[in-house]
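Residue numbers (my numbering): 480 to 834. Backbone N, C-alpha and C fix where the C-beta goes; we use that ideal spot for every residue, glycine too. Below is one structure, written out as C-alpha cells; the observations come after it.
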C-alpha cells in the first residue's frame with residue numbers, strides 16, 4: 480500500500496518514477512528515495528524563488544535552465560582584463576554580457592565558536608563542555624559571471640583566452656596540480672551530496688522513530704542497549720538527562736516546556752507514570768536512550784561516525800529500520816557513487832569551480 484502511494488505521488492515525473500523503480504529493483508528504501516525527491520523539489524522551488532527575488536531587485540540573474548544550457552559559467556572575480564589585471568568589483572556589472580549566478584555555499588557554524596571567549600567560572604565551563612557544533616547550512620550567494628568569455632573581453636588567469644582550453648586555473652596558479660584540484664572538487668561534491676542525503680534521511684528516520692517509541696513493549700535486545708548506555712554514562716544520554724529529554728518529547732509528540740534545561744522534572748515524571756508495567760517501563764527507558772542518541776546526530780555524523788552511532792543504528796536496523804545509503808556509513812559501509820545525487824551536487828558548484 481505504501482509503495483503504491485509513493486509511486487502515485489510521483490507519477491507525473493518520469494525521472495522520479497525511474498529513480499523509484501531503480502531503488503526498488505536494487506532493494507533500496509523507497510521511503511528514503513521518495514523523501515530525497517521531495518526535498519529536491521522543495522530545493523528547486525526555493526532556488527527559483529531566490530532567482531525571482533533578485534530579478535525583482537533588477538539584477539540580471541541566470542535561471543537554472545540558462546546555467547545548464549551555458550557552455551561555461553565563469554566567475555568574473557577569477558578573470559583578468561586586457562591589461563592582465565583583476566577586474567575591480569565595482570566594474571563587474573559593466574562587463575559585456577555580465578550576469579548573476581545564484582550559488583549556494585555551505586556555512587559551518589562551529590567555525591564561529593571561539594573558546595577564548597569562555598568565562599572562567601564554573602557555569603561557563605559547563606556550557607563549554609556541553610557545546611556541540613551547530614548544523615551546517617547553505618546560504619544563497621549572488622556571483623557575477625560571464626557565459627561567453629570572448630564577448631566579455633576578459634581572459635583566464637595564465638594567459639588563456641576565451642577560445643582556448645581552460646586547463647590553467649586559479650588553483651593551479653596557486654601551485655595546485657590538476658589531480659589535486661580535481662580531488663578537492665570531488666570531495667566537495669561528495670560532501671554536498673551526502674549532506675543533502677543526510678537531511679532527507681533524518682526526516683524519514685525521525686518519522687520511523689516516532690512510531691517506534693510509541694510501542695508498548697521493547698524489542699529483543701533492548702535491555703542490553705539500555706544497560707550499556709546507563710552504565711557507561713554515554714554523553715548523549717547524560718546530556719539528554721541534564722536537559723530533561725527534549726528529543727524524547729519531540730518523538731512522542733508532546734510539547735516540551737521551554738527553559739535552559741528544557742522539560743522539567745514534573746513533565747518527565749508524567750511520561751514515566753504512563754509506564755505501568757515492567758515491559759512498558761523498559762520501552763520508555765529504551766525510548767529515552769534512543770531519543771538521546773538521535774538528538775546528537777546531524778550532518779557531522781556521516782563524516783565522523785562513532786562506535787556508539789554504529790551500536791544504536793545497528794540496533795534500530797535489527798528492530799526493523801531500513802537505513803539510507805548515507806546512514807550506512809555509520810555502520811561502516813561506504814555508499815556506491817550515485818549519478819543523480821552527484822548531478823545535484825555538480826549543479827550547486829557549477830560556477831564555483833570555474834575559471
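Own chain residues within Cβ distance below 6 Å of residue 798, not counting five before or after:
698
Would you tell me roughly how many angstroms separate the C-alpha atoms of residue 503 and residue 681, rounded to the nearest one?
20 Å
Residue 728 to residue 734 span [Cα, whole Å]:
6 Å
Report, in whole angstroms, the separation of the C-beta atoms of residue 630 and residue 690, which I expect to be a contact under 8 Å.
58 Å between Cβ atoms; not a contact.
Does the distance from the CB of residue 763 to the CB of residue 750 come in under 8 Å?
yes
Would you call residue 725 buried or exposed, if buried means 16 or more other Cβ atoms sit within 10 Å of its Cβ?
buried
Can you confirm whether the segment 508–515 touches the segment 524–540 when touching is taken to mean that 3 or more C-beta pairs between the two stretches lie within less than 8 Å?
no
Is the Cβ-Cβ distance between residue 628 and residue 551 less than 8 Å?
yes
Proximity to residue 814 [Cα-Cα], best of 658, 495, 677:
677
DSSP-derived helix/strand/coil call for residue 714
helix
What does residue 687 pair with, by DSSP beta-bridge criteria?
For residue 687, which the question treats as bridged, DSSP gives no partner whatsoever.
Which term fits residue 766, buried or exposed, when burial requires 16 or more other beta carbons within 10 angstroms of its beta carbon?
buried
Would residue 620 and residue 579 be called neighbours here (beta carbons separated by less than 8 Å)?
no
Using the Cα positions of residue 583 and residue 538, report the straight-line distance between them to the nearest angstrom.
17 Å
Quick one: Cα of residue 789 to Cα of residue 723, how far?
24 Å
Going by DSSP, what residues sit across from residue 583 in a beta bridge?
619
Going by beta-carbon coordinates alone, are residue 715 and residue 781 separated by less than 8 Å?
no
Using a 10 Å radius around the Cβ and a threshold of 16 neighbouring Cβ atoms, would you call residue 806 buried or exposed?
buried
With burial defined as no fewer than 16 other Cβ atoms inside 10 Å of the residue's Cβ, what is the status of residue 489: buried or exposed?
buried
Can you tell me the Cα-Cα spacing of residue 548 and residue 702, whole angstroms?
58 Å
Residues that residue 625 bridges to, as DSSP identifies them:
553
Apart from the five residues on each side of it in sequence, which residues of its chain come closer than 6 Å, Cβ to Cβ, to residue 674?
778
Taking the straight line between their C-alpha atoms, what separation do you get for residue 833 and residue 693?
Only weak support exists for where residue 833 lies, its pLDDT of 44 falling under 50; the value from the coordinates is given anyway. If I take the Cα positions, the gap works out to 51 Å.
Bridge partner(s) assigned by DSSP for residue 558
635
For residue 802, count neighbouring C-beta atoms within 10 Å of its own C-beta (all shown protein chains included) and say buried if the count is 16 or more, exposed if not.
buried
Just the C-alpha distance for residue 624 and residue 581, rounded to the nearest angstrom, thanks.
10 Å
Proximity winner among 656, 566, 618, relative to residue 587 (alpha-carbon distances):
618
Of the residues 635, 684, 753, 634, which one's Cα is nearest the Cα of residue 804?
684
What does the alpha-carbon distance come out to for the pair residue 626 and residue 616?
28 Å
Whole angstroms are fine: how far does the CA of residue 718 sit from the CA of residue 608?
Bear in mind that the predicted position of residue 608 carries a pLDDT of just 45, short of 50, making it too unreliable to give a figure here.
Under 8 Å, do residue 496 and residue 486 count as touching if we go by C-beta distance?
yes
Identify whether residue 574 lies in helix, strand or coil by the three-state DSSP scheme.
coil
Mind checking which residues open and close the alpha helix (DSSP H) that includes residue 772?
757–774
Whole-angstrom distance between residue 669 and residue 553, CA atom to CA atom
22 Å
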